[in-house]
Structures are given as C-alpha cells and as structure tokens.
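This report refers to the structure that appears directly beneath it.
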Amino acid sequence: MSKQQDELKLLCDLTVVKLGKKLRILGFDTEIIKTVNQQTVKELLRDTKRTLVTKSKKLANACGGILITKNKTSEQLEELFIILKNTNTQLSNNPARCVYCNEVLVDCPKEEVIGRVPVYIFETLEHFKRCPKCGKVYWRGTHLVKCKEFFASRGKETDM
Ligand SMILES: [Zn+2]
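All residue numbers for the sequence shown refer to this note's numbering, where the first residue is -18 and numbers rise by one.
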C-alpha cells in the first residue's frame, strides 16, 4: 500500500467538478465523475488507485480521500494544496492537461492554430498547445497562465 512514489492521481466527484478542471490544467492527472454514488466511487477508486477529492463528508468517510470544505474554486484549490503539502505529497510540475479530456497537452505549431484563436492572440503569441484528443487549443493568458499565476500570488478567483 505504498503509493507515495507514484504520481498523484486524483478523482474528483460531482461536488468538485470545477476544481477538477483546474487541477487538470495545472498538470494533475484528474478523473472527473459526475456522481456521488458511493458504490461507483468505491469501485473506481479501487480500479484506478486514485485519491478521492470531494465535498461530500459521507463519501470521504466511506471511501477515504481528501475532504474539501470551501465553496469557491480558488479557495478549494488552496485548501487542497495545503492538505497535500501537509501530507508530504510530492507536487511535481507536470505538463498541463486538457480541461475536458485529461489528456496531456502537446506543442502545436503556430501555423496550425490559424483561425482557431483570436487574431490578436495569434499576432502576439508564438507558442500554443493543443489537446491531442479533442483538438482544443490552449495558449498563455488563458487557463494556463491564470492558474499558474494563482499559485504564485494566491490571488482571487479566476473564472475558467
Ligand atoms: Zn481535450
């Protein structure tokens, strides 16, 4: 039962979907399930060896994992990170993942994003990333940087 050396993998349930999406863009391998059904969650945890993140006390008691108490996503993120730090969980700097698919983003040549990003973005930025699964294009200044800046400054809620 030692999973410390493995990369942290999270499972966010219905109560923390928005938080789950933020965690993905921050590079955490995060499964999001839109249910709080105890049986479903239990089975998934067993099969995937993920750590549960939930706002449901009942579920946290039954399945273990991390109980979130805050309501705002930014505060939840902070709460989660404090818990992880206190348990000495390695917060590795993993590559960002697609908010929708949990796939690791890949570099995307600039010429491929023509017409898929706003003109001023295309003209000012050189580096883009793309989800290999759904094709969504990401760039600095959107999800990616807002979230990273949040950690640097512990700033206010950034709406994704
Ligand atoms: Zn995707």
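In this text, a Cβ means the ideal position worked out from N, Cα and C, and glycines have one as well.
This structure is a prediction, so every number in the text was calculated from the model and none was measured.
Item, Value
"Looking at the unbroken beta strand (DSSP E) that takes in Y119, where does it start and where does it end?", "118 to 120"
"For V(-3), count neighbouring Cβ atoms within 10 angstroms of its own Cβ and tell me buried if that reaches 16, exposed if not.", "buried"
"Sorted by chain position, which residues of the same chain lie with C-beta nearer than 7 Å to E84's C-beta, five sequence neighbours on each side aside?", "R78, C112, P113, K114"
"Quick one: complete beta strand (DSSP E) runs, 3+ long, within the stretch 6 to 39?", "10 to 13, 32 to 35"
"How would the residue list near ligand 1 read, in chain order, if you kept each one whose beta-carbon is closer than 6 Å to any heavy atom?", "C79, Y81, C82, E84, C112, K114, C115, K117"
"Count the other C-beta atoms from every protein chain shown that fall within 10 angstroms of the C-beta of R27, then say buried if there are 16 or more, exposed otherwise.", "exposed"
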